[in-house]
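Student: Please see the structure below; I have some questions.
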Amino acid sequence: MDMRGLMNGGFTTSDAARAAVTPRPEPDDRGVISYPNYQVAVARRGDTMAQLAGRIGLPAEELARYNGIQTGDALRAGEIVALPRRVAEPSPATGAVSTGPIGPTSEIDITTLASDAIDRSAPTPAAARPAAPQTGPEPIRHQVKRGETAFTVSRLYNVSVRSLAEWNALDSNFTLREGQYLLIPVVTEAATPVNTPSVPPGTGSPTPEPPSASQPLPAETKAPAAAAPAAVAAAPVANVGRPTTASASTAAMAFPVQGSIIREYAKGRNDGIDIGASVGTAVTAAASGQVAAITRNTDGINILVIRHPDNLLTVYTHVDTITVAKGDAVSRGQSIAKVADFEPSRVHFEVRKGFDSVDPMDYLR
């Protein structure tokens, strides 16, 4: 997930960064690509579902039903077809270099690496040298739901529509059908730096801190809330300077840290809230979900993103000692990091609906 621009106006993932993906693995002679947790088949030009099923050894009706298509329907060259159950693993007998599913790069043994190095150093024509076994991470396999488009799927996984189309041999209109399975392109660990277009003056510059963020807040002198008239309690008030409290069980989210709100949400200027807290204070997940990204912005500030149901994201910055990893499942209230040493020490917390920021207080009250 490309976080460039996160601290100054939202998620601005560039197409160049999204396009930084690895090539799709090559299938064997049957068209099978095998991973540890699933297999897919790649159609040839002129294939029907029945012809592909016959080549890989599965009943045509079962394969067609699993992919939401008719047995006699024509397939595009390169189209991905998900297999409902495993067939014989690729092997030299089926045109593969090695036997078994594609494994992580880290699983290549020393003998394979040494042999490949020897082959590269030998004065043998490239075409005559044995190819190395295919390795790489297992892609996400996404089943298309009603109403989804190639654009919404590519945005969901932060890849370009073009790479999604290339990996799955989509037509020129990027047409998807309900029930279709897609392989999500594997993004490289680091996108190649690109020349970005000019931006309006001030974009990317640090946002000035308000006085309340650089000076101690005045001591609380107002009467306890219980003594205030009910009408006053119901009136809208600013959140700055107000201490956070443990979220009620009915609140959609919990505060990630307890402290005073030193900076309010202001869409386009501050896409979250800043909560003052002591350095080293535990930062907790606002709601249950899955860690979607851990990265840093151009100033070296850690950014942790958790994905939640209903297309919600929570973002936590100005943290360190992160105790979770990308892909981890986390529960509400689970410690995920600690408050980093900044002046003033605080946690910047955002809630996003898709990639659009929303007021976190709507979920914390």
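Read left to right, the sequence shown gives residues 1 to 365 (the UniProt record's numbering). Ideal Cβ placement from N, Cα and C applies to all residues, glycine included.
1) How big is the Cα-Cα spacing for Ile275 and Ala329?
2) In its own chain, which residues sit with a C-beta less than 7 Å from the C-beta of Arg365, not counting the 5 before and 5 after it?
3) Just to check my reading of the structure: Ala282 and Gly333 have Cβ atoms closer than 8 Å, yes? What is that Cβ distance to the nearest angstrom?
4) Based on DSSP bridge pairs, tell me the residues matched to His142.
5) Is Leu176 near the ligand COA, in the sense that its beta carbon is under 8 Å from a heavy atom of that ligand?
6) Would DSSP call Ser357 helix, strand or coil?
7) Please name the residue in Gly354, Tyr38 and Glu61 whose C-alpha comes closest to that of Pro139.
8) So, Pro256 versus Ala285, is the Cβ gap smaller than 9 Å?
9) Which partner residues of His308 appear in the DSSP bridge assignment?
10) Applying the 10 Å Cβ sphere with the 16-neighbour rule, what's the burial state of Thr317?
11) Just tell me which of Leu63, Asp299, Gly272 and Phe342 has its CA closest to the CA of Thr314.
12) Quick check on Glu264: buried or exposed, where buried means 16 or more other Cβ atoms within 10 Å of its Cβ?
13) Tell me the residue span of the beta strand (DSSP E) that contains Ser163.
14) Going by DSSP in three states, Ser345 sits in which element: helix, strand or coil?
15) Per DSSP, which one or two residues make a beta bridge with Val339?
16) For Ala325, which residues from the same chain have a beta carbon less than 8 Å from its beta carbon, with the 5 sequence-adjacent residues on both sides left out?
17) In three-state terms, what does DSSP make of Asn173?
18) For the alpha helix (DSSP H) that Arg55 lies in, which residues bound it at each end?
19) Which same chain residues, not among the five before or five after Ile33, have their C-beta less than 6 Å away from its C-beta?
20) Cutting at 6 Å between CB atoms, please list the residues of its own chain near Leu75, excluding the five before and the five after it.
21) Under the three-state reduction of DSSP, which class applies to Ala88: helix, strand or coil?
22) Would you check if the distance between the CB atom of Thr149 and the CB atom of Leu183 is smaller than 9 Å?
23) With a threshold of 7 Å on Cβ separation, who are the neighbours of Gly354 within its own chain once the five nearest residues in sequence on each side are excluded?
24) According to DSSP, what are the bridge partners of Glu350?
25) Take the Cβ of Ala122 as the centre, count every other Cβ of all protein chains shown within 10 Å, and call the residue buried at 16 or more, exposed below.
26) Taking Ser34 as part of the beta strand (DSSP E), name the residues at either end of that continuous run.
27) How big is the Cα-Cα spacing for Asp171 and Ala165?
28) On the DSSP bridge list, what partners appear for Gln290?
29) Select from Arg269, Gly268, Lys267 and Ala277 the residue whose C-alpha is nearest the C-alpha of Ile261.
30) Looking only at its chain, what residues have a beta carbon closer than 7 Å to the beta carbon of Arg120, apart from the 5 residues adjacent to it on each side?
31) Taking Pro344 as the reference, give the member of Val187, Thr22, Ala93 and Val319 with the closest Cα.
32) Taking C-alpha atoms, which residue in Thr135, Ala82, Val186 and Asn168 lies nearest to Val159?
33) Residues in its own chain within less than 6 Å of Phe342 by CB, not counting five upstream and five downstream?
34) In whole angstroms, what separates the C-alpha of Asn270 from that of Asn173?
35) Taking Tyr157 as the reference, give the member of Arg141, Gly147, Tyr35 and Gly268 with the closest Cα.
36) Out of Gly95, Gly103 and Tyr35, which one is the CA nearest neighbour of Arg85?
Tutor: From the atom records:
1) If you draw a straight line from the Cα of Ile275 to the Cα of Ala329, it comes to about 24 Å.
2) Ala251
3) Contact flag wrong, Cβ pair sits at about 10 Å.
4) Note: His142 sits in a beta bridge opposite Leu182.
5) Only the bare structure without any ligand can be found here, which leaves the ligand COA out of the picture.
6) Strand.
7) With distances taken between CA atoms, Pro139 lies nearest to Tyr38 out of Gly354, Tyr38 and Glu61.
8) yes
9) Among the bridge pairs identified by DSSP, His308 is matched with Leu312.
10) buried
11) Gly272
12) buried
13) That residue, Ser163, is in no beta strand (DSSP E); its alpha helix (DSSP H) goes Val161 to Asn168.
14) Ser345 carries a coil assignment under DSSP once its states are collapsed to helix, strand and coil.
15) Val319
16) Val291 and Ile294
17) Coil at Asn173, not helix or strand.
18) For Arg55, the uninterrupted alpha helix (DSSP H) run begins and ends at Met49 to Ile56, by DSSP.
19) Answer for Ile33: Pro25, Pro27 and Val40, listed in chain order.
20) Ala43 and Asp47
21) coil
22) Their beta carbons are not under 9 Å apart, which means Thr149 does not touch Leu183 by this criterion.
23) Its chain contains Asn311 as the residues whose beta carbon lies nearer than 7 Å to that of Gly354, once the 5 sequence neighbours on both sides are disregarded; these appear in chain order.
24) Val315
25) Annotation note: pLDDT 38 at Ala122 (below 50); position unreliable, coordinate value reported separately. Exposed: under 16 other Cβ atoms inside 10 Å.
26) Val32 to Ser34
27) 7 Å
28) Arg307 and Ala329
29) Of the residues Arg269, Gly268, Lys267 and Ala277, the one whose Cα lies closest to the Cα of Ile261 is Ala277.
30) With a pLDDT of 38 at Arg120, under the threshold of 50, the modelled position of that residue is not reliable, and the figure given next carries that caveat. Contacts found: none.
31) Val319
32) Val186
33) His318
34) 38 Å
35) Arg141
36) Tyr35
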